[in-house]
Amino acid sequence: MAKNKNNQQNMTIYDYEDKYVRRQNSRGARLLLFVAAGLVGVFLAWCLLSITLQIWGINEYAGYAAAGVAVLLFIFIYIVPVVKIYKTDYFVTNVGARHAGSAKRHNRRVRRSIAEKIIDFNAGVDGAGWYDDKLVGDMEVALKSHDDGALKLALSALYKGKIKRTAKDIIFKSSLKSAAYSALSQNSRMDAALVVVVNMQLIKDIVFLYGFRPSDAKLVKIFASVMRNALIAYGLGSVKIGNGIVRTMGDAARGIPILGTAIAAIVDSSIQGLTNGTMTAVIGFQTIKYLNREYNLQNILDGIEIAETEEELKETCEELEEELRKSPKARQGAAG
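Residues 1229 to 1564 in my numbering are what the sequence shown lists, from first letter to last.
Here is the structure:
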């Protein structure tokens, strides 16, 4: 542990750039984020529209009511979570020497903003139990005294301890919810819509818990996973996997039609529920992985002394200027 800490202290911004920075078009990542979120939204809207049309076919007035409910649901269960996720701050870590100073200042503001939100939530919500009271108190003291070092220590301890356990609890509850809904539903479009809703709510809750969101590039991957989960849920509901499994159970099941039908329904719902619940858990842990990685990277970046590098560059330029003044012939040769 001490060895890793010493390595971070000895790391220069150029070492950080070589090891952690990847070439990335920030505007392109933002555009892809909108595209990914849009695709998920379009798929969810199609599922809601299909369900509405089914109801419309049964009763016209019920169809009108279902259409109004579908619009409201789309706004509150999809648009609102996406906007909340997108508007949450994130750490800037994919930076080189040129922008490292501004990234560090931005990250410092984000850390303070996270601490303020956690303190306000812990004080305003009784019995939530999301955070460690002692560490939250330490953060409050660090904020008031403008002690960034103490703030980082308390926040890091919180992420490794209580927040990590709370996040796992949120993931388990969301996965169980996704599995239960899928087991109860017998409609492929309903299954897919429920998966999208539960997955997006899970991402929003984890982002709220941590106080920051993954970067645009990472959010693209998360939203792509949500789309994948929804398509898998739709496929499971359409293919009727359970019926195929029942056909492999042998003559005993086939010889008892009522038993065979019952087993088919149970297997259908249990496999679909287990699959959707598992895929929801994958989304949750994927989100946590990206958040932890970017928090650790900003910690490493914050520990690098950018000013020393700038001073070294200044000294090199001064030495070069002095050398060229001493040797006019060398300057003429360089110009030639």
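Glycine included, each C-beta is placed from N, C-alpha and C at the ideal position.
Only a predicted model underlies this, so the values are computations on that prediction, with no experimental measurement involved.
Item                                                                                                                                                             : Value
Decide yes or no for the touch test of the segment 1367-1385 against the segment 1341-1348: beta carbon pairs closer than 8 Å, at least 3 of them.               : yes
Using DSSP with H/G/I as helix, E/B as strand and the rest coil, what is GLY1285?                                                                                : helix
Using only the alpha-carbon positions, how far apart do VAL1308 and ILE1528 sit?                                                                                 : 33 Å
Tell me which same chain residues have a C-beta within less than 7 Å of the C-beta of ALA1290, skipping the five on either side of it?                           : ILE1283
Which same chain residues end up closer than 8 Å to LEU1371 when comparing Cβ atoms and leaving out the 5 residues on each side of it in sequence?               : ARG1340, ALA1343, GLU1344, ILE1347 and LEU1379
Using only the alpha-carbon positions, how far apart do LEU1552 and TYR1518 sit?                                                                                 : 49 Å
Residues in its own chain within less than 7 Å of ILE1516 by CB, not counting five upstream and five downstream?                                                 : ALA1395 and ILE1434
Run through DSSP, which three-state label would GLY1439 get?                                                                                                     : coil
Mind checking ALA1293: buried by the 16 CB within 10 Å criterion, or exposed?                                                                                    : exposed
Across the segment 1245-1262 and the segment 1439-1458, are there enough close Cβ pairs to call them in contact, namely three or more that are closer than 8 Å?  : yes
LEU1437: which of LEU1502, VAL1423, ALA1407 and ASN1350 sits nearest, CA to CA?                                                                                  : ASN1350
Would you call LEU1567 buried or exposed, if buried means 16 or more other Cβ atoms sit within 10 Å of its Cβ?                                                   : Residue 1567 lies beyond the residue range present for the chain, which begins at 1229 and ends at 1564; the question has no answer from this structure.
Name the residue from TYR1244, LEU1502, MET1418 and CYS1545 whose alpha carbon lies nearest to the alpha carbon of THR1321.                                      : TYR1244
So, with DSSP's three-state summary, where would you put TYR1387?                                                                                                : helix
How far does the alpha helix (DSSP H) with VAL1336 in it extend, from its first residue to its last?                                                             : Checking the sequence, you will find Arg at residue 1336 rather than Val. Residues 1328-1352.
According to DSSP, is GLU1533 helix, strand or coil?                                                                                                             : coil
Applying the criterion that 16 or more other CB atoms from any shown protein chain within 10 Å of the CB defines a buried residue, is LYS1432 buried or exposed? : buried
What do you reckon, are the CB atoms on ALA1273 and PHE1302 nearer than 8 Å?                                                                                     : yes
Can you check which of these residues, VAL1268, PHE1271, GLY1269 and ALA1295, is closest to LEU1281 by C-alpha distance?                                         : ALA1295
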